[in-house]
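Notes for the one structure printed next.
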Amino acid sequence: MDDKKRSSQIVRVSIIGILANVALAGFKAAIGLLSHSIAITLDAVNNLSDAASSAITIVGTKLASKPADREHPYGFGRIEYLTAMVVSAIVLWAGLTSLVESIKGIIDPQTPSYDTIGLVIVGVAVAVKLVLGRYVSAAGKRLGADALVASGADASFDAIISASTLVAALLYIFCGMSVEAWLGGAISLVIVKSGVDMMREALDKVLGERVDADVARTIKQTTCTIDGVQGAYDLILSDYGPQRLWGSVHVEVDEDATAKDIDRITRATQTEVYRESGVILHTVGVYATNTSQDGETHAIREALDEIVAKEPHVLQVHGLYVDDELKGVTFDLVIAFEAGNREIVRQRVLDEMHRRFPDYAFVAVLDSDVSD
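Our numbering applies: residue -12 is where the sequence shown begins, and numbers increase by one.
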């Protein structure tokens, strides 16, 4: 789906969310004020924050869809993540404000009053939020819009909160138990948690989180289907916004491959990966692999496998190439972050290889565990 069509659909879904949440907020605020119900009034505030979130999502989507320019060659897609941070700040503010009001209600409680119409409207609100939540979440997953997926989940959770409010009202009517302020506090904490989760998720996107395992698997599997590719490694992706992934990958090819072969492999890899996953590979690096696996080459490979098997933090070794003429060996080590000082692990492997094969010079490149 092209960016323009995607943006228009996100805007349309967000507008529906705004209209639904504003209508619900109006109903709940009126009922809460008339019945002196803190929980229902705070639930109305939550609906307004949802509406504000949808409005900000529209603004962020419009800005993020601007075409790339000289100063921003990768486009403006990350604005969607910044927008999510603004939305999370609004949700946090709403939650903290609500929590303060709830605490006041606990300290100085007021006797709530309910009527049948009010309870019916709350029940209707529960149904509306459930339908709205499923609709927005489904649209978000279809469009690859994290903000919509989060809004849909939030709406579904709001329905549960409203249902709890309805239960509290029934408890007061039939059992004389007043739990409004306490329930309001619980709702406030839920809103705060939602804001914190949203902030953390948006922050992870901006900072550069780990490549999604399914995406990494798809790219590597697609790369390995290219004729002449013997392995795919070192996948690195940069996220420039939803559906805007750029990256690089290394492939192993036969040491006798010509420039023409490598050019074909590189172009085919970029084309197929984009077709299968929508990811743009701006670089396809090349490792040469030994045509012959006999003699010293075989011994070096077996020794290296044996050594790294004893290192619990070595996740993978690849790119091994033995140059018999220059007596040089190169390979890459993927070492887990949990190793602490990963350089110590790398040097330990190198020292052991030097000890076993003193006539060879070894070079080990330290790779980070950035993708599955």
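Just so it is clear, CB atoms sit at the ideal spot from N, CA and C, and this is done for glycine as well.
- Beta-bridge pairing by DSSP links T317 to Y308, V350.
- The beta carbons of V113 and S89 sit no closer together than 9 angstroms.
- With three or more CB-CB distances shorter than 8 angstroms, the region 121 to 132 counts as touching the region -10 to -2.
- Distances from the alpha-carbon of D311 to those of T278, E298, Q334 put T278 closest.
- Where S225 is concerned, the enclosing beta strand (DSSP E) starts and stops at 218 to 226.
- By the neighbour-count criterion, in which 16 or more other beta carbons inside 10 Å mark a residue as buried, V321 falls on the buried side.
- Shortest Cα-Cα distance from D199 to any of Y61, L337, D56, I223 involves I223.
- If you compare the alpha carbons of V266, V216, F14, E196 with that of D243, the shortest gap goes to V216.
- Counted as a single uninterrupted DSSP element, the beta strand (DSSP E) harbouring S235 occupies residues 232 to 241.
- Measuring C-alpha to C-alpha distances from A189 to each of G92, V73, G13 identifies V73 as the nearest.
- By the C-beta criterion, the region 48 to 63 is judged not to be in contact with the region 7 to 20, since fewer than 3 inter-stretch pairs fall below 8 angstroms.
- Contact annotation: A348 and L291 have beta-carbon atoms that are not nearer than 9 angstroms.
- Taking one beta carbon from each stretch, the region 174 to 194 and the region 157 to 164 have fewer than 3 pairs nearer than 8 angstroms; the two do not touch.
- Per the C-alpha coordinates, the member of S235, Y61, E58, I5 positioned closest to L35 is I5.
- In the displayed model, H300 falls within coil according to three-state DSSP, outside both helix and strand.
- Secondary structure within the region 9 to 56: not one fully enclosed beta strand (DSSP E) run of 3 or more consecutive residues is present.
- In the DSSP secondary-structure assignment, A275 is bridged to V240.
- Two segments are said to touch when three or more pairs of C-beta atoms, one from each, lie closer than 8 angstroms; by this definition the region 286 to 304 does not touch the region 257 to 268.
- For D248, the enclosing alpha helix (DSSP H) covers residues 246 to 264.
- DSSP, read as helix, strand or coil, puts H59 in coil.
- In this structure, V316 sits away from G272, with a CB-CB distance that is not shorter than 9 angstroms.
- In this structure, D214 and G195 do not form a Cβ contact; the two beta carbons are roughly 33 angstroms apart against a cut-off of 8 angstroms.
- Sixteen is the threshold: when 16 or more other Cβ atoms of the shown chains lie within 10 Å of the Cβ of N8, as they do, the residue is buried.
- Taking the CA atoms as reference points, P96 sits about 59 angstroms from R329.
- The alpha helix (DSSP H) runs lying completely inside the region 74 to 147 and spanning 4 residues or more are 103 to 130, given in chain order.
- Residue range 329 to 343 is occupied by the alpha helix (DSSP H) that includes Q334.
- Straight through space, the alpha carbons of S175 and V123 are spaced by roughly 23 angstroms.
- Going by beta carbons, V154 and I206 fall outside the 9 angstroms limit.
- In terms of Cα proximity to V236, the closest of G218, A246, D248 is G218.
- For D(-10), same chain residues with a beta-carbon under 7 angstroms away, outside a window of 5 residues either side, are S52 in chain order.
- Pairing A42 with A12 gives a Cβ-Cβ distance that is not under 9 angstroms.
- With 16 or more other Cβ atoms inside 10 Å of its own Cβ, I252 counts as buried.
- The beta carbon of Y308 sits closer than 8 angstroms to those of E242, Y274, A275, T276, N277, V316, T317, F318, all from its chain and outside the five residues before and after it, given in chain order.
- In this model, A71 and G62 are separated by some 18 angstroms (Cα to Cα).
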